Amino acid sequence: MRGWPTRRRGTKPPGLHTRIDAPGAAPIETAAMSAMVGLRFDLRVPPFARTTHERQYAACLDMCEWADARGFDVVAISEHHGVEDGYMSSPVTLAAAIAARTKRLAINVAAILVPLHDPIRLAEQLATAALVAGGRLSFVAGMGYRHEEFEMAGVERTARGRLFDEYVGVLRQAWTGEPFTWRG
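In the numbering used here, the protein residues as written are 149 to 332.
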């Protein structure tokens with residue numbers, strides 16, 4: 149029979165499981181784990197902090213460069229607007245800056261609040277950052293949830309699902325390189 153090779157009772161496939169033995173306890177078989185090591189930034193500066201936004205962003209870039217040199221796998225950044233402590237509002241710009249300072253670190257924007265953006269402009273910004281990153285950029289398309297962000301952007305929160313679907317379609321179409329028409 150093809151497929152998994154047969155094995156003797158009590159043996160385990162190499163690399164798939166780990167046996168954990170604790171004194172006085174029955175052995176536990178666990179699945180092998182693959183781990184990624186990364187950083188995550190939101191770059192908030194709360195009122196009590198003894199720093200500035202400039203220092204936060206500079207430290208973020210320095211830490212990404214440090215992590216890249218030490219073999220870290222990924223950095224994750226995200227997007228929110230109108231937050232008192234300055235939660236990152238331009239993650240694509242920061243992603244391009246991180247890409248310029250690193251060589252191998254994957255950059256994940258998790259998440260971009262798609263309904264709050266002009267999809268053509270967002271497609272251009274992401275494409276430019278992806279070029280700077282040399283294939284290391286990925287993103288999570290988010291719908292958003294904070295009422296304040298939708299109010300600031302002049303977007304009806306109740307339309308976020310429809311806009312999300314439409315705008316993700318526009319992003320995909322824009323990245324084909326083929327001419328298309330979209331009336332937003």
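From the three backbone atoms N, C-alpha and C, an ideal C-beta is built for every residue, glycine too.
Note that the structure is a prediction, hence the values are computed from the model and not measured.
DSSP-derived helix/strand/coil call for Leu209: Correct three-state label for Leu209: helix.
Per DSSP, cross-strand counterpart(s) of Arg284: The partner list for Arg284 (beta bridge, DSSP) is empty, contrary to what the question assumes.
Close beta carbons around His265, own chain, < 8 Å, minus the five adjacent residues each side: Excluding sequence neighbours, His265 sits near Tyr315.
Outcome for Thr200 when other beta-carbon atoms lying within 10 angstroms are tallied against a minimum of 16: Thr200 comes out exposed.
Contained beta strand (DSSP E) runs [length at least 3] in the stretch 271–315, N- to C-terminal order: If we require 3 residues or more, the beta strand (DSSP E) runs fully inside the stretch 271–315 come out as 285–290.
Bridge partners - Ile268, DSSP secondary structure assignment: BP columns for Ile268 are empty, so no partner.
Range covered by the beta strand (DSSP E) that runs through Arg188: Note, Arg188: beta strand (DSSP E), 186–189.
Beta-carbon proximity check, Ala259 vs Ala289, cutoff 8 Å: Cβ atoms of Ala259 and Ala289: closer than 8 Å.
Leu253 - containing alpha helix (DSSP H), residue span: Per DSSP, Leu253 belongs to no alpha helix (DSSP H) and is neither H nor E.
Contact set for Trp330: own chain, Cβ-Cβ below 8 Å, skip 5 residues either direction: Shown here for Trp330: same chain residues with a beta carbon closer than 8 Å to its own, the five before and five after excluded, namely Pro267, Ile268, Val318, Gln321 in chain order.
Exposed unless 16 or more other CB atoms sit within 10 angstroms - verdict on Asp216: Counting Cβ neighbours within 10 Å, Asp216 comes out buried, since at least 16 surround it.
Bounding residues of the beta strand (DSSP E) (the contiguous stretch that carries Val231): It is not in any beta strand (DSSP E) - Val231 carries neither H nor E in the DSSP assignment.
Sub-8 Å separation of Ala278 and Val257 beta-carbons: Their beta carbons are not under 8 Å apart, which means Ala278 does not touch Val257 by this criterion.
Residue nearest to Asp190 in terms of C-alpha spacing, selected from Ala224, Ala183, Glu202: Closest in C-alpha terms to Asp190, from the list Ala224, Ala183, Glu202, comes Ala224.
Gly163, DSSP secondary structure in three states: Note that Gly163 scores 49 on pLDDT, short of 50, meaning its location in the model is unreliable; the coordinates nonetheless yield the value given after this. Coil at Gly163, not helix or strand.
Distance between Leu270 and Gly186 (C-alpha atoms, nearest Å): In this structure, the straight-line span from the alpha carbon of Gly186 to that of Leu270 is close to 25 Å.
Three-way DSSP call (helix, strand, coil) for Ala224 in this model: Ala224 sits in a strand when the DSSP states are folded into three classes.
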